[in-house]
Amino acid sequence: MMLIGEQLKERRLEKGLTVEDIQSVTKIQARHIQAIERNDFSLIPGNFYVRAFIREYAQAVGLDSHHLMDEHKTELPETLSTDTRDFTTLKRSRTRAKVKNKSPFQMLLPTIFVLLLLFLIGFIIYKFVLTSDETAPTTPVEDNPSSVGEEVSIPSGSDDAEITDETTSTDDNTTDELPTEEDSSEVPETSEPVLELKDYQTNASVYHYVTEADEITLTVDTTNQNWLQIEDSSGQSLYEQMLTTSNGPVEIDLTGADFTYLRFGEPGIISIDINGIPVEFSSEMNMSSVQEVWIYFNDAYEPDQA
Numbered sequence: 001m002m003l004i005g006e007q008l009k010e011r012r013l014e015k016g017l018t019v020e021d022i023q024s025v026t027k028i029q030a031r032h033i034q035a036i037e038r039n040d041f042s043l044i045p046g047n048f049y050v051r052a053f054i055r056e057y058a059q060a061v062g063l064d065s066h067h068l069m070d071e072h073k074t075e076l077p078e079t080l081s082t083d084t085r086d087f088t089t090l091k092r093s094r095t096r097a098k099v100k101n102k103s104p105f106q107m108l109l110p111t112i113f114v115l116l117l118l119f120l121i122g123f124i125i126y127k128f129v130l131t132s133d134e135t136a137p138t139t140p141v142e143d144n145p146s147s148v149g150e151e152v153s154i155p156s157g158s159d160d161a162e163i164t165d166e167t168t169s170t171d172d173n174t175t176d177e178l179p180t181e182e183d184s185s186e187v188p189e190t191s192e193p194v195l196e197l198k199d200y201q202t203n204a205s206v207y208h209y210v211t212e213a214d215e216i217t218l219t220v221d222t223t224n225q226n227w228l229q230i231e232d233s234s235g236q237s238l239y240e241q242m243l244t245t246s247n248g249p250v251e252i253d254l255t256g257a258d259f260t261y262l263r264f265g266e267p268g269i270i271s272i273d274i275n276g277i278p279v280e281f282s283s284e285m286n287m288s289s290v291q292e293v294w295i296y297f298n299d300a301y302e303p304d305q306a
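First residue of the sequence shown? That's 1 in the UniProt record's numbering, and the numbers climb one at a time after it.
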């Protein structure tokens, strides 16, 4: 039985492809491709990249990468992927359990908040609109019931002229005051979104993103090439391949998700942002190690997840 590198090389030759052809498709350096064909994995920087490069190579020559790697699993170096996925699954289980165990009072909080907001809006309308209409001054003619429907003759004279001027002045002042009272009501401002690093340890980061936006978009880009893995809170794989300058940036819609999980190498040449807010890495992060990042959205974050 051929080794995995020999099988990949044989498949490449059957398709009439050169090492340079594989390099052009996968963006893997030629010396790493040749090392894989010799089954010499010592030249590849890290066990994680060995598996990633073999997966890319297999796809480039039309082989089933999962079947191929399972068939030759004894030849491949071990990674911490199993422990990582177990830890990811544990995080998701704890998050879902806490959401399901919310008390009835916690479930009613959004409804109570909406009712209080409606009451406040109604009070403002009553205070500044209806009350001002009721207290507006009226002319003496309107206050006298006997004058309704009758023609009133006002003789000329200084006293009457003063009354007319005062009434006109009062009406003008009233008209000027009304917009001031209406403008005095304040409209609540929308809160700014916040992205905060909650914890970092052993190449794993936990972030909390708070926003009132209806949509959440994750954007990842690189200045060279990175193997990138992205999953949503249900465990569904959203992206799993080599991210390069030619196929980046990648945008993922995470609207409705509780959190997202990312795994990547070489953090020094990768950039991540949520709705335009950049993810700031910890100052303790090892820029040459494979990193894992969890980003929790709004109420899905619990303090003991950090």
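Backbone N, C-alpha and C fix where the C-beta goes; we use that ideal spot for every residue, glycine too.
These numbers were taken from a predicted model, which means no experiment stands behind them.
- With a 10 Å radius around the Cβ and a threshold of 16 neighbouring Cβ atoms, Ala30 comes out exposed.
- CA-to-CA, the gap between Glu212 and Asp304 works out to about 23 angstroms.
- Secondary structure within the segment 214 to 296: the beta strand (DSSP E) runs of 3 or more consecutive residues, fully enclosed, are 217 to 222, 225 to 232, 237 to 244, 250 to 253, 259 to 264, 270 to 274 (chain order).
- Within a 10 Å sphere around the beta-carbon of Leu108 sit fewer than 16 other beta-carbons, which makes this residue exposed.
- Residue Asp232 holds the alpha-carbon nearest to the alpha-carbon of Val293 among Glu75, Leu17, Asp232.
- In the DSSP assignment, Ala204 falls within the beta strand (DSSP E) that extends over 204 to 210.
- Looking only at Asp273, Ile28, Gly5, the smallest Cα-Cα distance to Val194 is reached by Asp273.
- Its chain contains Glu196, Lys198, Tyr296, Tyr301 as the residues whose beta carbon lies nearer than 7 angstroms to that of His208, once the 5 sequence neighbours on both sides are disregarded; these appear in chain order.
- Take Ser271, set aside five residues on each side of it, and the residues of its chain with a beta-carbon closer than 6 angstroms to its own are Asp221, in chain order.
- Ranked by Cα distance from Lys73, the first of Ala58, Arg51, Phe123, Val279 is Arg51.
- Contact check for Leu243 against Leu228 passes: the beta carbons are separated by less than 8 angstroms.
- Around the beta carbon of His32, 16 or more other beta carbons sit within 10 angstroms, so the residue counts as buried.
- Asp21: member of the alpha helix (DSSP H) spanning 19 to 26, first to last residue.
- In this chain, Glu14 is not harboured by any beta strand (DSSP E); it is covered by the alpha helix (DSSP H) spanning 4 to 14.
- Val250 and Glu37 have their C-alpha atoms spaced approximately 30 angstroms apart.
- Judged by DSSP secondary structure, Tyr301 falls outside any alpha helix (DSSP H); it is assigned neither H nor E.
- Membership of Leu195 in the beta strand (DSSP E) is indicated by the continuous run 194 to 201.
- Under a 10 Å Cβ-count criterion, Phe41 is classified as buried, with 16 or more other Cβ atoms of the shown protein chains found around its own Cβ.
- With a threshold of 16 other beta carbon atoms within 10 Å, Ile22 meets it and is buried.
- The Cβ atoms of Asn203 and Gln291 lie closer than 8 angstroms to each other.
- Just so you know, the alpha carbons of Met69 and Ile4 end up roughly 8 angstroms apart.
- For Thr111, the enclosing alpha helix (DSSP H) starts and ends at 104 to 125.
- In this structure, the alpha-carbon of Ile124 lies about 28 angstroms from that of Gln106.
- The three-state secondary structure of Ser65, taken from DSSP, is helix.
- The segment 55 to 69 makes contact with the segment 8 to 28: 3 or more CB pairs, one atom from each, lie closer than 8 angstroms.
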